[in-house]
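Engineer:
There are 2 protein chains.
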Amino acid sequence: MSDRIANAQLRSKVMSADEAAQFINHGDTVGMSGFTGAGYPKALPSAIAAKAREIHGRGEDFKIDVFTGASTAPDADGVLAEADAVNYRMPYQSDPIMRNKINAGEMKYQDIHLSHSGLYVEQGFFGKVNAAVIEAVRITEDGNLIPSSAVGNNLEYLEAADRIIIEVNSWQSLDLEGMHDIWSMPKLPNRIPIPINNVGDRIGTTHIQIDTDKVVAVVETDAPDRNAPFKPADEISKQIAGNFLDFLEGEVAAGRLTYDGYIMQSGVGNVPNAVMAGLLDSKFENIQAYTEVIQDGMLDLIDAGKMTVASATSFALSPEYAEKMNAEAKKYREQIVLRPQQISNHPEVIRRVGLIASNGLIEADIYGNINSTHVGGTRVMNGIGGSGDFTRNGYISSFITPSVAKDGAISAIVPFASHIDHTEHDAMVIVSEYGYADLRGLAPRDRVKKMISIAHPDYRPLLEEYYERAAKNKFLQTPHDLATAFDFHVNLAEKGSMKG
Amino acid sequence: MSDRIANAQLRSKVMSADEAAQFINHGDTVGMSGFTGAGYPKALPSAIAAKAREIHGRGEDFKIDVFTGASTAPDADGVLAEADAVNYRMPYQSDPIMRNKINAGEMKYQDIHLSHSGLYVEQGFFGKVNAAVIEAVRITEDGNLIPSSAVGNNLEYLEAADRIIIEVNSWQSLDLEGMHDIWSMPKLPNRIPIPINNVGDRIGTTHIQIDTDKVVAVVETDAPDRNAPFKPADEISKQIAGNFLDFLEGEVAAGRLTYDGYIMQSGVGNVPNAVMAGLLDSKFENIQAYTEVIQDGMLDLIDAGKMTVASATSFALSPEYAEKMNAEAKKYREQIVLRPQQISNHPEVIRRVGLIASNGLIEADIYGNINSTHVGGTRVMNGIGGSGDFTRNGYISSFITPSVAKDGAISAIVPFASHIDHTEHDAMVIVSEYGYADLRGLAPRDRVKKMISIAHPDYRPLLEEYYERAAKNKFLQTPHDLATAFDFHVNLAEKGSMKG
Chain A
477 MSDRIANAQL RSKVMSADEA AQFINHGDTV GMSGFTGAGY PKALPSAIAA
527 KAREIHGRGE DFKIDVFTGA STAPDADGVL AEADAVNYRM PYQSDPIMRN
577 KINAGEMKYQ DIHLSHSGLY VEQGFFGKVN AAVIEAVRIT EDGNLIPSSA
627 VGNNLEYLEA ADRIIIEVNS WQSLDLEGMH DIWSMPKLPN RIPIPINNVG
677 DRIGTTHIQI DTDKVVAVVE TDAPDRNAPF KPADEISKQI AGNFLDFLEG
727 EVAAGRLTYD GYIMQSGVGN VPNAVMAGLL DSKFENIQAY TEVIQDGMLD
777 LIDAGKMTVA SATSFALSPE YAEKMNAEAK KYREQIVLRP QQISNHPEVI
827 RRVGLIASNG LIEADIYGNI NSTHVGGTRV MNGIGGSGDF TRNGYISSFI
877 TPSVAKDGAI SAIVPFASHI DHTEHDAMVI VSEYGYADLR GLAPRDRVKK
927 MISIAHPDYR PLLEEYYERA AKNKFLQTPH DLATAFDFHV NLAEKGSMKG
Chain B
477 MSDRIANAQL RSKVMSADEA AQFINHGDTV GMSGFTGAGY PKALPSAIAA
527 KAREIHGRGE DFKIDVFTGA STAPDADGVL AEADAVNYRM PYQSDPIMRN
577 KINAGEMKYQ DIHLSHSGLY VEQGFFGKVN AAVIEAVRIT EDGNLIPSSA
627 VGNNLEYLEA ADRIIIEVNS WQSLDLEGMH DIWSMPKLPN RIPIPINNVG
677 DRIGTTHIQI DTDKVVAVVE TDAPDRNAPF KPADEISKQI AGNFLDFLEG
727 EVAAGRLTYD GYIMQSGVGN VPNAVMAGLL DSKFENIQAY TEVIQDGMLD
777 LIDAGKMTVA SATSFALSPE YAEKMNAEAK KYREQIVLRP QQISNHPEVI
827 RRVGLIASNG LIEADIYGNI NSTHVGGTRV MNGIGGSGDF TRNGYISSFI
877 TPSVAKDGAI SAIVPFASHI DHTEHDAMVI VSEYGYADLR GLAPRDRVKK
927 MISIAHPDYR PLLEEYYERA AKNKFLQTPH DLATAFDFHV NLAEKGSMKG
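Read top to bottom, the protein sequences are chains A and B.
Heads up: the first sequence begins at 477 in the working numbering, then just goes up one per residue.
Heads up: the second sequence begins at 477 in the working numbering, then just goes up one per residue.
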């Protein structure tokens with residue numbers, strides 16, 4: 477047995493994942509660790525899926541509700557979805573198999589702001605949580621957990637759950653210990669200010685204290701996180717990154733930002749990594765990150781001495797960088813803090829530190845309403861994630877996107893967003909490879925020209941045509957021609973391209 | 477000269493409003509006091525409007541940008557709009573004349589979250605503020621201002637402005653002194669937690685300190701706030717209030733609320749006042765309010781010993797209650813705190829205290845997206861106000877609405893909201909006279925039946941028909957038939973009723 481399980485009581489609970497799956501029953505609500513493919517349980521999901529298939533084979537029902545921090549991986553969401561073992565899922569997911577089940581109407585999915593998800597459990601909106609399945613790096617002699625590569629909603633699920641199953645994953649570096657900052661808000665009516673004034677402030681412990689009497693199983697694993705490789709930045713990503721950096725330079729010129737101490741929040745993906753690569757060669761120094769995931773580009777910035785500190789709730793690293801983290805966690809934990817997602821994404825701290833938020837989108841409309849989640853208004857991709865937490869509360873909020881997708885069949889700029897996740901009141905700056913649209917201080921009609929200027933040239937005449945028609949409306953605060961507002965989307969569904 | 481102006485330097489600046497208007501020039505950005513018809517300048521707007529008309533008469537341009545706390549009154553927004561003296565307006569307005577100018581495309585209007593408006597000025601997003609025009613109860617010997625019936629964005633405008641004009645309004649009770657709690661956040665990068673743990677905590681001063689050297693004029697006025705009478709609650713309002721109270725009772729039964737210490741936030745209007753009347757006869761005791769405006773119903777609750785403390789940024793009282801406030805401010809200031817709107821509406825404090833938000837709406841769609849601002853997607857009514865601040869961050873967020881408007885021509889429940897101010901991620905509970913739809917924990921498709929159940933019976937078959945069509949979509953996370961999603965609104969525009 478691994479010496480990573482130092483507590484005698486919990487050593488007595490060590491068993492196989494299949495044995496542990498006995499504690500998960502049909503109808504259960506199960507809170508799991510895991511955020512952006514990091515720190516999710518590696519063994520139980522497959523064991524639960526196997527149990528589900530076996531029970532389904534007998535013609536009986538077996539489905540559970542699955543809560544996590546955010547997305548997990550093929551060996552968690554993927555296997556569970558494939559086995560039709562999930563009734564309801566929250567607050568975020570990105571697995572292709574699960575996505576198909578959701579869009580086929582075979583699974584329920586609620587897409588929740590990441591700062592709200594654990595809070596709602598805590599506030600009793602989801603009733604009882606039957607089990608928590610949480611990955612740890614090790615269990616201390618006192619029975620405390622050292623979390624692994626994500627903290628997520630672990631605290632909320634461990635506290636709410638009747639039964640706890642711990643996975644101790646020896647793939648995760650023991651040197652992660654000390655990187656976490658575990659703090660939770662006292663319950664209502666005793667909530668207090670979160671005492672974080674600066675991005676790197678540590679306010680809690682490096683372990684999670686649990687009620688060891690609730691632990692029904694401990695499972696040993698040795699399996700890597702889902703660490704998706706990033707594609708090398710393509711030309712379009714580099715242009716977008718360049719335009720984003722131009723925007724930052726403009727803010728410096730206007731006296732609203734300095735080269736010293738820019739605080740970033742960044743969504744996950746290739747474009748954000750291109751932005752971080754751009755920052756490597758920029759005049760910005762002492763960069764900080766108050767964000768939800770640590771990405772490759774942040775490690776590069778730290779290594780280059782350009783970033784002083786990064787706060788998040790999990791990693792989202794490529795396999796190469798995950799290995800580097802495992803090897804050098806002792807070094808990185810001096811500059812990286814992993815917090816519960818209620819804290820990494822808390823409006824209070826986000827508004828206080830004054831960060832510049834930067835997230836991707838599916839489409840934006842000519843007035844700056846943002847669709848982050850649904851292609852064609854009906855087909856959910858991943859979810860809103862933390863983009864709402866950061867967009868609403870950032871010092872500046874930006875969205876970065878290529879102007880088209882699917883070889884030009886889909887425009888990122890549309891007349892009316894087919895699903896709205898961020899409203900005209902929230903998005904400030906939209907960046908594409910054609911430039912940036914700074915919507916601050918602009919009434920809706922004054923936004924249109926700017927938004928069309930960052931659309932792909934093929935779509936600009938179509939957008940102008942729409943706006944001409946819209947401007948014939950009797951009411952002109954936000955001109956629309958509602959009868960044709962979704963023509964782009966109807967074209968896409970019927971003819972395969974928004975161009976029609 | 478009134479002894480309300482105790483500072484010698486500022487006494488020397490006393491002049492008429494017409495004389496003071498010389499300091500307002502074409503192209504200026506002017507930050508005014510005023511929130512929900514309270515505490516706005518009573519004399520300068522008319523003087524500026526007269527100046528505008530005179531200059532326009534000479535064939536020359538005169539327009540200013542007007543910033544306030546929120547809505548003002550006919551003798552502020554109304555006269556300025558009528559004189560075509562406004563180029564751009566933010567963050568909120570509700571004046572009929574100004575609304576018409578905006579919807580006719582003759583004026584620019586940006587509808588901004590109330591907690592963001594002063595912050596954006598402070599962060600430099602609006603460039604220079606040329607003048608601040610601020611109402612006060614009195615000026616102290618040291619040159620400090622005692623604010624009147626609204627604090628709003630006064631601090632931000634006074635600090636940002638090059639020139640300050642003060643209106644000292646002797647209609648306002650001197651006993652308001654002591655009701656205000658003036659505190660402002662240190663500027664970035666020195667922001668700190670807001671030290672309010674409980675609704676009634678006082679953390680600042682009772683006056684606003686200003687740079688007296690910036691004061692160019694002091695104007696004496698004696699004029700009432702715009703205090704709109706409330707209609708006596710009609711049957712529908714009472715039914716909605718009853719359903720809202722049923723919802724609260726359900727929360728008590730579920731252990732998520734107690735009869736002791738419910739904290740309310742409430743939008744303005746007849747339905748909210750009916751809710752407050754309902755609370756008078758309820759089992760709820762020691763009610764508190766952390767909200768943006770003090771309304772008649774709250775004074776009744778205080779008088780009845782049912783409400784212990786109310787925190788807001790302004791009053792929105794009927795004429796009768798405004799007189800009562802003026803007569804008894806000394807008493808009420810023990811239980812009422814008026815704060816800057818950055819604090820009354822701050823996500824940090826809102827999330828901390830754990831309030832139940834309750835706001836009106838124009839329409840909600842079958843998935844719980846909320847339109848608070850635009851009739852038919854194009855015609856702005858008032859604005860989002862603080863509803864976003866409270867909805868996103870409340871312990872529970874609710875919306876209350878009659879099921880139909882305009883004698884049934886407009887349904888409050890529609891297939892697709894024609895403008896979205898609060899997303900499916902934000903609204904929890906929608907209440908009409910037909911019941912309440914509790915959307916918490918529900919995936920989009922599971923919300924539809926609940927939303928249709930609170931629609932007017934005349935519209936239920938139309939909504940069901942739409943959903944049947946929508947459910948034929950290939951993708952079923954959020955089923956829609958985009959080609960007909962706005963048929964209700966197209967019908968309304970073309971035929972005068974959403975029924976077609």
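Beta carbons: idealized from backbone N, C-alpha and C, even for Gly.
Mind checking who LYS584(B) pairs with in its DSSP beta bridge?
Structural biologist: TYR564(B)
Engineer: Using a beta-carbon distance cut-off of less than 9 Å, what residues from the segment 867-887 of chain A approach chain B?
Structural biologist: ARG868, ASN869, TYR871 and ILE872
Engineer: For GLN953(B), name the three-state secondary structure that DSSP assigns.
Structural biologist: In the structure shown, GLN953(B) sits in coil (DSSP, three-state: anything other than H, G, I, E or B).
Engineer: So PRO878(B) and GLU900(B) are in contact, right, with Cβ under 8 Å, and what is the actual spacing, rounded?
Structural biologist: Not a contact, Cβ separation roughly 22 Å.
Engineer: Would you say GLN953(B) reaches chain A, if we count a Cβ-Cβ gap shorter than 8 Å as a contact?
Structural biologist: Chain A contact via Cβ: present.
Engineer: Within 10 Å of its beta-carbon, does ASP865(B) have 16 or more other beta-carbons around it, so buried, or fewer, so exposed?
Structural biologist: buried
Engineer: In three-state DSSP terms, what is PHE723(B)?
Structural biologist: For PHE723(B), the three-state secondary structure derived from DSSP is helix.
Engineer: Determine, using beta carbons only, whether LEU958(A) and GLY853(B) come nearer to each other than 8 Å.
Structural biologist: Yes.
Engineer: List, in chain order, every chain B residue whose beta-carbon is nearer than 7 Å to that of TYR564(A).
Structural biologist: ALA919
Engineer: Run the CB neighbour count on ALA920(A), radius 10 Å, all protein chains shown included, and call it buried at 16 or more, exposed below.
Structural biologist: Sequence inspection shows Pro at residue 920(A); the Ala mentioned does not correspond to that position. Counting every other CB atom within 10 Å of its CB across the protein chains shown gives PRO920(A) a total of 16 or more, marking it as buried.
Engineer: Flag LYS759(A) as yes if its beta-carbon sits less than 8 Å from any beta-carbon of chain B, otherwise no.
Structural biologist: No, because no Cβ of chain B sits closer than 8 Å to the Cβ of LYS759(A).
Engineer: Closer than 7 Å, Cβ to Cβ, to anything on chain D: give me those residues from the segment 952-975 of chain B, in chain order.
Structural biologist: Here chain D cannot be found, since the structure's protein chains are A and B.
Engineer: Does ASP922(A) have its Cβ less than 8 Å from a Cβ in chain B?
Structural biologist: Residue contact check for ASP922(A) against chain B: a CB pair falls below 8 Å.
Engineer: Can you tell me whether GLY628(B) is helix, strand or coil according to DSSP?
Structural biologist: coil
Engineer: Please list the partners that THR767(B) has in chain A, where partner means a Cβ-to-Cβ separation under 7 Å.
Structural biologist: None at all; the shortest Cβ gap to chain A is about 17 Å.
Engineer: Comparing C-alpha positions only, which one of ALA931(B), HIS502(B) and THR544(B) sits nearest to ASN563(B)?
Structural biologist: HIS502(B)
Engineer: Nearest CA to the CA of ILE668(A): which residue from GLU940(B), ASN949(B) and ARG827(B)?
Structural biologist: ARG827(B)
Engineer: According to DSSP, is GLN818(A) part of a helix, a strand, or is it coil?
Structural biologist: helix
Engineer: Determine, for PHE723(B), whether the minimum Cβ-Cβ distance to residues of chain A falls below 8 Å.
Structural biologist: At a cut-off of 8 Å, the C-beta of PHE723(B) has no neighbouring C-beta in chain A.
Engineer: Alpha carbon to alpha carbon, what distance is there between MET583(B) and VAL890(B)?
Structural biologist: Going from the Cα of VAL890(B) to the Cα of MET583(B) covers about 29 Å.
Engineer: Determine, using beta-carbon pairs with one atom in the segment 703-720 of chain A and one in the segment 626-645 of chain B, whether at least three such pairs fall under 8 Å.
Structural biologist: no
Engineer: What does a CB cutoff of less than 7 Å around SER820(B) pick up in its chain, not counting 5 residues either side in sequence?
Structural biologist: GLU768, SER787, ALA788 and THR789
Engineer: Between the alpha carbons of LEU793(B) and ALA750(B), how many angstroms are there, rounded?
Structural biologist: 14 Å
Engineer: Quick check: is the beta carbon of PHE511(B) nearer than 8 Å to any beta carbon in chain A?
Structural biologist: no
Engineer: Sorted by chain position, which residues of the same chain lie with C-beta nearer than 6 Å to ASN869(A)'s C-beta, five sequence neighbours on each side aside?
Structural biologist: PRO823, ILE826 and ARG827
Engineer: Which ranges would you report for the beta strand (DSSP E) in the segment 763-796 of chain A if only whole runs of at least 3 residues count?
Structural biologist: With a minimum length of 3 residues, the continuous beta strand (DSSP E) runs that stay inside the segment 763-796 of chain A are 763-766, 769-771, 783-788 and 790-792.
Engineer: Excluding the 5 residues flanking LYS714(B) on each side, which residues of the same chain have their C-beta closer than 7 Å to its C-beta?
Structural biologist: Cβ within range, chain order: ALA750.
Engineer: Mind checking if VAL542(B) is an interface residue toward chain A, Cβ cutoff 8 Å exclusive?
Structural biologist: no
Engineer: Counting pairs of Cβ atoms below 8 Å between the segment 615-625 of chain B and the segment 588-606 of chain B, do you hit three or more?
Structural biologist: no
Engineer: Would PRO705(B) count as contacting chain A if we go by Cβ distances under 8 Å?
Structural biologist: no
Engineer: Please give me, in chain order, every unbroken run of the beta strand (DSSP E) with length at least 3 that falls completely inside the segment 859-942 of chain A.
Structural biologist: 872-876, 905-908 and 911-914
Engineer: What span of residues does the alpha helix (DSSP H) with VAL825(B) cover, start to end?
Structural biologist: 823-829
Engineer: Between the Cα of ALA626(A) and the Cα atoms of PRO700(A), ASN620(A), ARG534(A) and GLY545(A), which residue gives the shortest distance?
Structural biologist: Nearest C-alpha to ALA626(A): GLY545(A).
Engineer: Looking only at its own chain, which residues have a Cβ that is under 8 Å from the Cβ of LEU721(B), when we skip the five neighbours before and after it?
Structural biologist: VAL751, GLY754, LEU755 and SER758
Engineer: Below 8 Å on the Cβ atoms is my contact criterion, and I expect ALA561(B) with ALA612(B) to pass it. Report the Cβ-Cβ distance as a whole number of Å.
Structural biologist: Actually they are not in contact, since the Cβ atoms of ALA561(B) and ALA612(B) sit about 24 Å apart, beyond 8 Å.
Engineer: For PRO933(A), count neighbouring Cβ atoms within 10 angstroms of its own Cβ and tell me buried if that reaches 16, exposed if not.
Structural biologist: exposed
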